[in-house]
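Visitor:
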Amino acid sequence: MLFAQVIDPVALSLGPIKIHWYGIILGTAALVGLWLAVREGKRHGLDSDLFLDMVVWVIPAAILGARLYYVLFEWDYYAQNPGDIIAVWKGGLAIHGGLIGAFLAGYFFLRKRGMPFLLTADIVVPSIILGQAIGRWGNFVNQEAHGGPVSLDFLKSLHLPDWIIEQMYIDGVYYHPTFLYESVWNLTGFLLLLLLRRVNPKRGELLFSYLIWYSLGRFFIEGLRTDSLAFNGPEWLAGLLEALWAPMNLLFEPGALSGGNVRIAQLVSLCLALAGILLILLRRGLGYARQSYLESEGRVSG
Numbered sequence: 001m002l003f004a005q006v007i008d009p010v011a012l013s014l015g016p017i018k019i020h021w022y023g024i025i026l027g028t029a030a031l032v033g034l035w036l037a038v039r040e041g042k043r044h045g046l047d048s049d050l051f052l053d054m055v056v057w058v059i060p061a062a063i064l065g066a067r068l069y070y071v072l073f074e075w076d077y078y079a080q081n082p083g084d085i086i087a088v089w090k091g092g093l094a095i096h097g098g099l100i101g102a103f104l105a106g107y108f109f110l111r112k113r114g115m116p117f118l119l120t121a122d123i124v125v126p127s128i129i130l131g132q133a134i135g136r137w138g139n140f141v142n143q144e145a146h147g148g149p150v151s152l153d154f155l156k157s158l159h160l161p162d163w164i165i166e167q168m169y170i171d172g173v174y175y176h177p178t179f180l181y182e183s184v185w186n187l188t189g190f191l192l193l194l195l196l197r198r199v200n201p202k203r204g205e206l207l208f209s210y211l212i213w214y215s216l217g218r219f220f221i222e223g224l225r226t227d228s229l230a231f232n233g234p235e236w237l238a239g240l241l242e243a244l245w246a247p248m249n250l251l252f253e254p255g256a257l258s259g260g261n262v263r264i265a266q267l268v269s270l271c272l273a274l275a276g277i278l279l280i281l282l283r284r285g286l287g288y289a290r291q292s293y294l295e296s297e298g299r300v301s302g
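With full-length UniProt numbering, the residue at position 31 of the sequence shown is 31, and numbering never jumps.
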């Protein structure tokens, strides 16, 4: 192996102040996403200040939403350890909660500015999914969001570099690098959204395509994880999710599940994917999808 020890989650210590890799990686993801959104916005005649002002509202809302979502579903732990509620550097940011917070903040910000929501969302979703691809490496450093146990031979069969394999060795056991699976899936989604953008789809369909692509990947990858937020749902719902995930059983075993029989992220992902498909079909079928992505904003409304 290249490394005798795993990566220290603390990148730099300045006296009592500790700067964590998790925060650095998330900050990098946000800056890269902002740069891409500003660049694309210029093609539509949108001032870069719009995105700079929006990010001031969206990023805190995303972090707050991601943390609240996670804390609420893990309340039994945080009720006993209230001091950990703000310890985001330890992980525990739920992406679905972050998306809810970000989109709500973005919607009300754009409404106040009188800007079209669907156009702006279409501009920023490639940035979002690329940011998610980068952000998953924060989970890698923290050795979290991994899947169930696997063999060393399995990890070597993926042709992974030694430093990734070493980081997946936790308490004497090797684990599925599900952070990597999702990062690669999201990076692929980023490239597909860029290609779709060149086709000039109807307004809003980049957003809906993002929901479909990200959610499909998250649904199947989530089934491999061992840290899924869960609740006790009706047996028919648990059976439905298991049946939809069943093709993965041909290659992998599902990750251990505790706290319930329904993985919340799988349920939310399924709902978002279906919503994306239905919104595309309904908007086209009912004639609402008249504007194209590259159509001049001077001739259309949001």
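For every residue, glycine included, the Cβ atom is placed at its ideal position computed from N, Cα and C.
Arg39 to Asp47, Cα distance in whole Å?
Guide: As a first step, residue 39 must be located in the sequence shown, where it is residue number 39. As a first step, residue 47 must be located in the sequence shown, where it is residue number 47. Approximately 10 Å between the Cα atoms of the pair.
Visitor: Per DSSP, Ser292 forms a beta bridge with which residues?
Guide: For the purposes of this step, residue 292 is taken as residue 292 along the sequence shown, with counting starting at 1. Note: Ser292 sits in a beta bridge opposite Lys202.
Visitor: Look up Val71 in the DSSP assignment and give the residues it is bridged to.
Guide: One-based indexing of the sequence shown puts residue 71 at position 71. Val71 is not bridged to any residue.
Visitor: When you compare only the Cα positions, how much space is there between Ile212 and Asp76?
Guide: Reading the sequence shown from its first residue, position 212 is the one you call residue 212. Reading the sequence shown from its first residue, position 76 is the one you call residue 76. When rounded, the distance between both Cα atoms is 32 Å.
Visitor: Please give the ranges of any beta strand (DSSP E) in the segment 149-180, keeping only runs that are unbroken, at least 3 residues long and fully inside the region.
Guide: If we require 3 residues or more, the beta strand (DSSP E) runs fully inside the segment 149-180 come out as 173-175.
Visitor: What I want to know is whether the C-beta of Asp227 ends up closer than 8 Å to one or more non-hydrogen atoms of the ligand ATP.
Guide: In the structure on display, the ligand ATP does not appear, and there are no ligands present to speak of.
Visitor: Would the beta-carbon of Leu267 fall within 9 Å of that of Leu237?
Guide: Translated into the one-based positions of the sequence shown, residue 267 becomes position 267. Translated into the one-based positions of the sequence shown, residue 237 becomes position 237. The answer is yes: Cβ separation under 9 Å.
Visitor: Give me, in chain order, the residues of the same chain whose beta-carbon lies closer than 7 Å to that of Leu206; leave out the 5 immediate sequence neighbours on both sides.
Guide: Translated into the one-based positions of the sequence shown, residue 206 becomes position 206. Asp122, Val125, Leu193, Leu196, Arg197 and Tyr293, listed in sequence order.
Visitor: Using the Cα positions of Thr178 and Phe252, report the straight-line distance between them to the nearest angstrom.
Guide: For the purposes of this step, residue 178 is taken as residue 178 along the sequence shown, with counting starting at 1. For the purposes of this step, residue 252 is taken as residue 252 along the sequence shown, with counting starting at 1. About 12 Å.
Visitor: When the Cβ atoms of the segment 29-36 are set against those of the segment 131-145, are three or more pairs found closer than 8 Å?
Guide: With the cut-off at 8 Å, the segment 29-36 and the segment 131-145 touch.
Visitor: Considering only DSSP beta bridges, list what His20 is partnered with.
Guide: Numbered from its first residue, the sequence shown carries residue 20 at position 20. In the DSSP output, where bridge partners are listed per residue, His20 has Val10.
Visitor: How is Ala243 classed by DSSP in three states: helix, strand or coil?
Guide: Numbered from 1 along the sequence shown, position 243 holds the residue referred to as residue 243. Three-state result, Ala243: helix.
Visitor: Cβ atoms of Met54 and Leu110: under 9 Å apart, would you say?
Guide: Mapped onto the sequence shown, residue 110 falls at position 110. Mapped onto the sequence shown, residue 54 falls at position 54. Cβ distance < 9 Å, so Leu110 and Met54 count as in contact.
Visitor: Output yes or no for whether 9 Å exceeds the beta carbon distance between Ile63 and Gly27.
Guide: The sequence position of residue 63 within the sequence shown is 63, counting from 1. The sequence position of residue 27 within the sequence shown is 27, counting from 1. No, these two residues do not count as a Cβ contact at 9 Å.
Visitor: So, does the segment 163-170 touch the segment 78-89, judging by three or more C-beta pairs under 8 Å?
Guide: No contact exists between the segment 163-170 and the segment 78-89.
Visitor: Counting C-beta neighbours from all protein chains within 10 Å, is the total for Gly19 16 or more, i.e. buried, or is it exposed?
Guide: Locating residue 19 in the sequence shown gives position 19, where the first residue counts as 1. Per the sequence presented here, residue 19 reads as Ile, with Gly not at that position. Classification of Ile19: exposed, given that the 10 Å Cβ count is below 16.
Visitor: Going by other Cβ atoms of all chains shown within 10 Å of its Cβ, with 16 needed for buried, is Ser301 buried or exposed?
Guide: The residue given as residue 301 occupies position 301 in the sequence shown. Confidence at Ser301 is low in this model, with a pLDDT of 38, below 50, so the placement of that residue should be treated as unreliable; the coordinate-derived value is given next. Under this definition Ser301 is an exposed residue.
Visitor: Put Gly147 into one of helix, strand or coil per three-state DSSP.
Guide: Here residue 147 corresponds to residue number 147 of the sequence shown, with the count starting at 1. Gly147: strand per DSSP, three-state reduction.
Visitor: Under the three-state reduction of DSSP, which class applies to residue 308: helix, strand or coil?
Guide: This structure does not reach residue 308, given that the chain is present from 1 up to 302, and the question cannot be answered.
Visitor: Within 10 angstroms of the Cβ of Phe154, are there 16 or more other Cβ atoms? Answer buried if so, exposed if not.
Guide: Stepping through the sequence shown from its first residue, residue 154 is reached at position 154. By the 10 Å Cβ count, Phe154 comes out exposed.
Visitor: In the DSSP assignment, find the unbroken alpha helix (DSSP H) run with Pro254 in it and report its ends.
Guide: Taking the first residue of the sequence shown as position 1, residue 254 is located at position 254. Taken as a continuous stretch (DSSP letters only), Pro254 belongs to no alpha helix (DSSP H), as it is neither H nor E.
Visitor: Take Ile24 and list the residues in its own chain whose beta-carbon comes closer than 7 Å to its own, dropping the five residues that flank it on each side.
Guide: Residue mapping note: residue 24 aligns to position 24 of the sequence shown, counting from 1. So the list reads Ala11, once near-sequence residues are dropped.
Visitor: Give the straight-line distance between the Cα atoms of Glu182 and Tyr288, rounded to the nearest whole angstrom.
Guide: For this step, residue 182 is matched to residue 182 along the sequence shown. For this step, residue 288 is matched to residue 288 along the sequence shown. Cα to Cα, Glu182 sits roughly 33 Å from Tyr288.
Visitor: Quick one, are the C-beta atoms of Gly260 and Gly233 less than 9 Å apart?
Guide: Walking along the sequence shown from the start, residue 260 turns up at place 260. Walking along the sequence shown from the start, residue 233 turns up at place 233. A contact, by the Cβ cut-off of 9 Å.
Visitor: Thinking C-beta only, is Ser209 closer than 9 Å to Ile280?
Guide: Against the sequence shown, residue 280 aligns to sequence position 280. Against the sequence shown, residue 209 aligns to sequence position 209. Yes; because the gap between Cβ atoms is below 9 Å, this pair is in contact.
Visitor: Is Pro60 near Ala105, with beta carbons less than 9 Å apart?
Guide: The residue you call residue 60 lines up with position 60 of the sequence shown. The residue you call residue 105 lines up with position 105 of the sequence shown. The answer is yes: Cβ separation under 9 Å.
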